[in-house]
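Per the working numbering, the first sequence runs over residues 215 to 638. Reading through the structure tokens given below for one structure.
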Amino acid sequence: MLEITTIRQNPEAVIARLKVKYVENAAEMVAQILQYDAQRRSLQQQRDDLLNRSNTLAQEIGQLYKQGKRPEADALKAETLSLKESIKQAEADFASIDEQLNQTLVQLPNLPHELVPEGATPEENFEIRRGGTIPALHDKAQPHWDLVQKYRLIDFETGAKITGSGFPLFVGRGAKLQRALINFFLDRATEAGYTEYIPPHVVNHASAYATGQLPDKEAQMYHVTLDDLYLIPTAEVPLTNIYRDVILPESELPIRLTGYTPCFRREAGAAGKDTRGLNRLHQFDKVEIVQVQHPEHSYAALDEMVLHVEQILQSLQLPYRIIRLCGGDMSFASAMTYDFEVYSAAQQKWLEVSSVSNFETFQANRLQLRYRDANKKNRLAHTLNGSALALPRIMAALLENNQTPDGIVVPDVLCPYTGFSMID
RNA sequence: GGAGGUUUGGCAGAGUGGUCGAAUGCGGCGGUCUUGAAAACCGUUGUACCGAAAGGUACCGGGGGUUCGAAUCCCUCAGCCUCCGCCA
């Protein structure tokens, strides 16, 4: 959520920035917000004046009672009766406009950073660089969904039987390889200074709201209605919410967190689209990295996170490319996002395996995550997060790219984790 | 799941219908003293919104109610603790 003061101080700049994200009705929304804001302030003044009068009267009545002046006190009570009605009305008016202001405000996306390229579709994203080499596969190379069957690594059918499609069942060396990747990613993150957490996999309404999953993306989450809890779509939600309603001493910044969790996504409306094999699942594993940063250092931190992810891909020897998303392709809450894609050689496709974003104060504003600066002023911190990394598509690319006529070669860095160097 | 207790400022802890945004202690910050530090002493020390300012308003776990007036009384929800039950 944008800060109301930013909009109040420079509405034109806000509208101009939102154009980069192709928000068509930005001008209308901003105008609406400014109008609500003005109304809200005037209504607060009215309400506060009435409350002030009521407080004064109550005090006077108390004094009069104390002095034994009952009749005088009772006379004053008469005024408070009508005052009560006005206060009730004033409070309702204020609450209603406050609610409307908030509802409009949460619908406004974050402002993109000035380096974000203008563009509406993924075609207009900006490729930063590439790394690794695309392997030349042998004649009988297969896509991963055939490989996992051939070597009995993942059983999609039984997963579907137990739960439904998109819930894979990992088996034997497939399970071991998955666990190896999780441990490998976590070790890289903790070596880079991230503190490891194992958070709850289910969150309440307040947490889902604070990181922006609610109210807009409710359909993306599995909802446990009996307890009004949500299965996490990403570890970002519980990890970032550790710092909800927190004021940090400036000296504690930056904060670096990591955690492995399964992620649950309903993917409503995505049925049939790239859903073969591991490409798109309802449950998948991911290691997430999160940073809480001083505003002055958040973009350096973003670069650092990009480098972190890049080095992991390099050590796995996967061909990758890094893309800076254009305004139209960026998420609602992000000010700048880098996507990582790896090349899945048998599918002959680039697959998104990580997304690293700086949210600046957008998320912190909802979280009420602040730090106390040198002048003892509380300021919103910057939050960043990224996948490091999402497992399924890494697994898909590894299996496809490393297949040989004799079996699938396990990358060197993973062998200590798997205990085997070849799947045959 | 049942019974009881509890939830107050960074922490500890008082307050049980009016002058309480809230005593006191610790911690923090500033100062005096000191070559420096400690100790001692003095001062200061919550958050948010409105306002040019003066000042105003709200917040004592969340929500609602009683009352002219609620941290204090009532209802309700949640967290924590203890005992019982169940259980990995």
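Glycine residues also receive a C-beta, built at the ideal position from the N, C-alpha and C atoms.
> Under a three-way DSSP split, which group does Met550 fall into?
Replying inline: strand
> Could you check where the alpha helix (DSSP H) with Gln314 kicks off and where it finishes?
Replying inline: 284-319
> Which runs of the beta strand (DSSP E), 3 residues or longer, sit entirely within the region 314-399?
Replying inline: 340-345
>> By alpha-carbon positions, which one of Tyr513, Gly380, Arg366, His508 ends up nearest to Lys390?
In response: Arg366
> From this set, Ala245, Thr409, Phe478, Tyr552, which residue's C-alpha is nearest His437's C-alpha?
Replying inline: Phe478
> Taking the Cβ atom as the reference point for each residue, do Pro452 and Pro413 lie within a distance shorter than 7 Å?
Replying inline: yes
>> Need the endpoints of the alpha helix (DSSP H) that Gly541 sits in, please.
In response: Neither: Gly541 is in no alpha helix (DSSP H) and is coded neither H nor E.
>> So, for Met243: in the same chain, excluding its five sequence neighbours on each side, which residues have a beta-carbon less than 8 Å away from its beta-carbon?
In response: Val237, Thr318, Gln321, Leu322
> Residues in its own chain within less than 7 Å of His415 by CB, not counting five upstream and five downstream?
Replying inline: Leu445, Ile446, Thr475, Pro476
> In whole angstroms, what separates the C-alpha of Arg261 from that of Glu432?
Replying inline: 35 Å
>> Considering Cα atoms alone, identify which of Glu566, Trp359, Leu583, Glu464 is closest to Thr425.
In response: Leu583
> Based on the DSSP secondary-structure assignment, which residues constitute the bridge partners of Pro477?
Replying inline: The identity of residue 477 in the sequence shown is Cys, whereas the question assumes Pro. BP columns for Cys477 point to Phe498.
> With burial defined as no fewer than 16 other Cβ atoms inside 10 Å of the residue's Cβ, what is the status of Leu492: buried or exposed?
Replying inline: buried
> When the Cβ atoms of the region 366-382 are set against those of the region 623-632, are three or more pairs found closer than 8 Å?
Replying inline: no
>> So, for Glu653: in the same chain, excluding its five sequence neighbours on each side, which residues have a beta-carbon less than 7 Å away from its beta-carbon?
In response: Here the chain covers residues 215 to 638 and nothing more, so residue 653 does not appear.
> Taking the alpha-carbon positions, what's the Leu467 to Asn572 distance?
Replying inline: 16 Å
> Over what stretch of residues does the alpha helix (DSSP H) that includes Ala560 continue unbroken?
Replying inline: No alpha helix (DSSP H) holds Ala560; DSSP gives it neither H nor E.
> Grouping DSSP H, G and I as helix and E and B as strand, with all else coil, what is Pro625?
Replying inline: coil
> Distance, Cα to Cα, Ala403 vs Ile503?
Replying inline: 7 Å
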